[in-house]
Each structure stands twice: as C-alpha cells, then as structure tokens.
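Q: I have a structure here, written as structure tokens, and I will follow up with some questions on it.
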Amino acid sequence: MDIQTMERKFQEIFSQGRNEARIFFSPGRINLIGEHTDYNGGHVFPCAITFGTYGIARKRDDRQIRVYSMNFEDTGVIEFTLDVLDYDKKHSWANYPKGMIRYLQEAGWKLSSGLEVLVYGNIPNGAGLSSSASIEMLIGVAVNEMFDLNVQRLDLVKLGKKVENEFIGVNSGIMDQFAIGMGKENCGILLDCNTLKYEYAPFNLTDHKIIIMNTNKRRELADSKYNERRSECETALGQLKKAAPIDSLGELTEEEFEAIKHLVTDEVLQRRAKHAVSENQRTLQAMKALKDSDLAEFGRLMNASHRSLRDDYEVTGTELDTLVEAAWKHEGTIGARMTGAGFGGCAIAIVANERVDEFISQAGSEYKEKIGYDATFYVASIGDGAKETTTEVLL
Ligand code: GLA
Numbered sequence: 001m002d003i004q005t006m007e008r009k010f011q012e013i014f015s016q017g018r019n020e021a022r023i024f025f026s027p028g029r030i031n032l033i034g035e036h037t038d039y040n041g042g043h044v045f046p047c048a049i050t051f052g053t054y055g056i057a058r059k060r061d062d063r064q065i066r067v068y069s070m071n072f073e074d075t076g077v078i079e080f081t082l083d084v085l086d087y088d089k090k091h092s093w094a095n096y097p098k099g100m101i102r103y104l105q106e107a108g109w110k111l112s113s114g115l116e117v118l119v120y121g122n123i124p125n126g127a128g129l130s131s132s133a134s135i136e137m138l139i140g141v142a143v144n145e146m147f148d149l150n151v152q153r154l155d156l157v158k159l160g161k162k163v164e165n166e167f168i169g170v171n172s173g174i175m176d177q178f179a180i181g182m183g184k185e186n187c188g189i190l191l192d193c194n195t196l197k198y199e200y201a202p203f204n205l206t207d208h209k210i211i212i213m214n215t216n217k218r219r220e221l222a223d224s225k226y227n228e229r230r231s232e233c234e235t236a237l238g239q240l241k242k243a244a245p246i247d248s249l250g251e252l253t254e255e256e257f258e259a260i261k262h263l264v265t266d267e268v269l270q271r272r273a274k275h276a277v278s279e280n281q282r283t284l285q286a287m288k289a290l291k292d293s294d295l296a297e298f299g300r301l302m303n304a305s306h307r308s309l310r311d312d313y314e315v316t317g318t319e320l321d322t323l324v325e326a327a328w329k330h331e332g333t334i335g336a337r338m339t340g341a342g343f344g345g346c347a348i349a350i351v352a353n354e355r356v357d358e359f360i361s362q363a364g365s366e367y368k369e370k371i372g373y374d375a376t377f378y379v380a381s382i383g384d385g386a387k388e389t390t391t392e393v394l395l
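Quick look at the structure:
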C-alpha cells in the first residue's frame, strides 16, 4: 500500500468533493515497561512506533460525515451526521471517529461542517498495539488541524481516553492515547499517570533492536478481563486505604505495601495490588537504568515485569508466555515481556542486532511447535506521535 493508492481510492469513493484533501498519520504504540499501572496512578514508559493509521481527510459542504477503511472494505462507506453522534454497533470501527467528534463538539470545539475520511492502517489488527487509540488520535488531530480548533494536544489525548471509556466502554487508562499523541522519534516517554508529568528519554539502540512478537491470538474477552482487573485493584485500594492515606496504588513503595498488605483479605486481590505496586517501582528503576546506560539492567526489569504480569496479575496466557520464554532462552536477548493489555496480543524483546534473524527463526519455531500456528515478528522503530504528513511511505 502506498499513499498514491490511497489517493486513488479516495477519489473513487468520495468523488464529489471540491475542498482540499489533507493527509494525516497516527502511530500505534508499544509499552517498554510499566504495564497495568496507568489506571493505578503509577508510571508507564511507552513509545509510538512507525506502524500506524494513515488518513486522507477533506471537509464537506454539508453536515455529513463519511468514513471508509481500506482495512474493512466490505463494510463500505459508513455515514452519519454532525447532529447525531450516538454509539451504533452497526458502525463498527467508525464509532471511534464518531466518539472523538462527539466529545470535541460537547467540549465546545464545534466543527463548521462535516468531512470525509479514508483510512488505512498497517498496525496488525487486534494485536494490542492500540489501533483503536491510533484512529481516535488520527481523527482528533485531523479535525483539529482542518477546522483550526486549536485544541491542546493533551486535551485531545484526554478526549481519546474518554471515547474509549465512555463511548466504547473499555475502562482503560491514559497510556495509549498519550503515547500516540505525544510520541517522539527514538524516545520513550516516562509518564506519571497521577500527575501527567512526563519526560522524554532517548531510546537509541545502536547495537540492539526492539522486536515485536505477535502471538496472533485473538484477544477474546480481553475487554471484560481488563475491566475485571481494574475493579480488582479498586477493591484492594479501598481496603488499603484503611491504613494509608492514598488515592492510588501507585503511591505505595513495595515496603509500604508489604507492611499493610494483610488488609487485602483476598489472596488474589493481594497479588493484583502487589503487581501494581511493584511494576510501578520497576518502571522507575528501568528509567534509572536507561539513564545509567545499563541496558542489561533494563532487560532484567523487563523480564521481572513479565513474571509479575504472569504470576501476580495473570494477564499473559500460554501464547504470550511461550513467546517470552522462548525469547529468554536466546543468548541474543537482553530482555523480553508482554506489552499492552495482555490476554494475547504482542510481546517485545530487545535483541542484539546480529542475532535478530536467528532469534526470529528460533522463537518462531518453538512457538509454532507448542501453539500450533505461527507468531509474527516485526522490527520496531520508535516514531513520532500523530501528525499531518505528506511524505510518509507506507509499508
Ligand atoms: C491497554 C490500555 C492501557 C493500559 C494497558 C496496560 O493498552 O488501553 O490504558 O492500561 O492496557 O498497561
């Protein structure tokens, strides 16, 4: 796929328009470390990747909004108007743009007309690399630029999260929209999800590559399990509050947690809280390791993160564990862990440049042998956040 093919399709689908068409790109994301900490008031360390969603958008002269995805061509054009922006199951993926436009309007940023948008994404579908947040931010940024709304980037990020939470019904944290909205080439972003203070950290791997390993497992039940973990943490927090004046699990050190954990009477909930607390500390330690140029320590923390997600938080599953454990066995691996929500989706590994091919073939065949179908591997590049573009080359 290239931009010319998209442009041709755009002309074919939306032949009537006279206004200028503009091109936008919004990335996917991976999280380097700090998993299931965002909604627990902890730290995350994600980055935007160069896979993402491209969109060609043009203002219309009426109040219609017409959207078309080259990833779901059978669905055809989905159409609604600026005046009726309710969730509609039939509108499938178009609920993301719709929700974004709805919340922008409700917050007072009114669009003066409708628009038409053609999108194509090269983020593997359902892989947990945030294709939904990518579309939310694509539309947010496109509409912001085209209608001169002057919305601050952080407000777009917050609106994207609101779409996910209130329009779609997934109780996710702010990490995905933040990484996608604020990403910067070759940098990770350390974000304190309590205060939204953030810091860019150069993540230039000269001798290593970040490998994305896709389990190709459908993330069935992922959303309901996600919401379940979130409420488990809320229950645990409520019990811990009897002894500590805290508003989130992210405020506790591991020592503080150990001293009061008996207040969480259910053993499962205690493990959930333990993960949230320890993962937050690991994220801070990982940032320090990075500043000290200690990639080996960073890798060890990634491995510990995965074990905690597997044993205490229980969001990995056989597929992710198989891939990560295969990665751990390989000598070229500095560290490996699942990334994102879990329950399928992707893992990441940091691997020595000269061992990458061998790593992929070894981990790939171990996975196939145990799971029965193939995993897919990609070399990740850390890219910019959502933006207007003219020159991006599509994969
Ligand atoms: C999903 C959510 C994020 C975050 C991760 C887990 O990607 O959308 O907000 O909670 O899971 O770290």
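Using full-length UniProt numbering, you'd call the opening residue of the sequence shown number 1 and step up by one each time.
Even for Gly, the Cβ is constructed at its ideal location relative to N, Cα and C.
1) Going by C-alpha distance, which of Leu-118, Phe-10, Phe-14, Met-213 is nearest Ala-327?
2) Measuring from the CB of Gly-340, is there a heavy atom of the ligand GLA at a distance below 7 Å?
3) Is DSSP giving residue 404 helix, strand or coil here?
4) Measuring CA to CA, which of Lys-288, Thr-283, Lys-291 is closest to His-306?
5) Tell me the DSSP secondary structure of Cys-233 in three-state form.
6) Along the alpha helix (DSSP H) that carries Thr-339, what are the first and last residues, could you check?
7) Exposed or buried, Thr-206, counting other C-beta atoms within 10 Å across all chains shown (16 or more means buried)?
8) Please confirm if the region 87 to 102 is in contact with the region 308 to 328, defined as three or more CB-CB distances below 8 Å between the two stretches.
9) In chain order, what residues of the same chain lie with their CB nearer than 7 Å to the CB of Arg-8, ignoring the 5 residues before and after it?
10) Whole angstroms is fine: what's the gap from Gln-16's alpha carbon to Gly-76's?
11) Just curious, the alpha helix (DSSP H) that Ile-174 is in, first and last residue?
12) Between which residues of its own chain and Gln-11 is the CB-CB distance below 6 Å, once the five residues before and five after are set aside?
13) If you pair each beta-carbon of the region 322 to 342 with each one of the region 187 to 204, do three or more pairs fall below 8 Å?
14) Quick one: what's got a C-beta closer than 7 Å to Asp-247's C-beta in the same chain, skipping five residues either side?
15) Run the CB neighbour count on Tyr-103, radius 10 Å, all protein chains shown included, and call it buried at 16 or more, exposed below.
16) Confirm, please, whether the CB-CB distance from Met-302 to Arg-272 is below 8 Å.
17) Thr-37 and Gly-250: beta carbons closer than 8 Å?
18) Kindly indicate which three-state DSSP category Arg-153 falls into: helix, strand or coil?
19) Decide if Thr-50 is buried, meaning its Cβ has at least 16 other Cβ atoms within 10 Å, or exposed.
20) Does the pairing of the region 58 to 76 with the region 285 to 303 give three or more beta-carbon distances under 8 Å?
21) Is any non-hydrogen atom of the ligand GLA found closer than 7 Å to the C-beta of His-275, if you look at the structure I gave you?
22) Is Ala-243 buried or exposed, if buried means 16 or more other CB atoms sit within 10 Å of its CB?
A: Judging by the given coordinates:
1) Of Leu-118, Phe-10, Phe-14, Met-213, the residue nearest in Cα terms is Met-213.
2) Yes, the Cβ of Gly-340 comes within 7 Å of a heavy atom of the ligand GLA.
3) No information on residue 404 is available, as it lies outside the stretch 1 to 395 that the chain covers here.
4) Thr-283
5) helix
6) From DSSP, Thr-339 is part of no alpha helix (DSSP H) but of the beta strand (DSSP E) over 333 to 339.
7) exposed
8) Segments in contact, no.
9) none
10) 17 Å
11) Element bounds for Ile-174: n/a, residue is neither H nor E.
12) Excluding the 5 residues flanking it on each side, Gln-11 has no same chain C-beta neighbour closer than 6 Å.
13) Cβ pair count under 8 Å is below three, so no.
14) Within the same chain, Asp-247 has close Cβ partners Gly-41.
15) buried
16) The Cβ atoms of Arg-272 and Met-302 do not sit closer than 8 Å to each other.
17) At the C-beta level, Thr-37 and Gly-250 come within 8 Å of one another.
18) helix
19) buried
20) no
21) no
22) exposed
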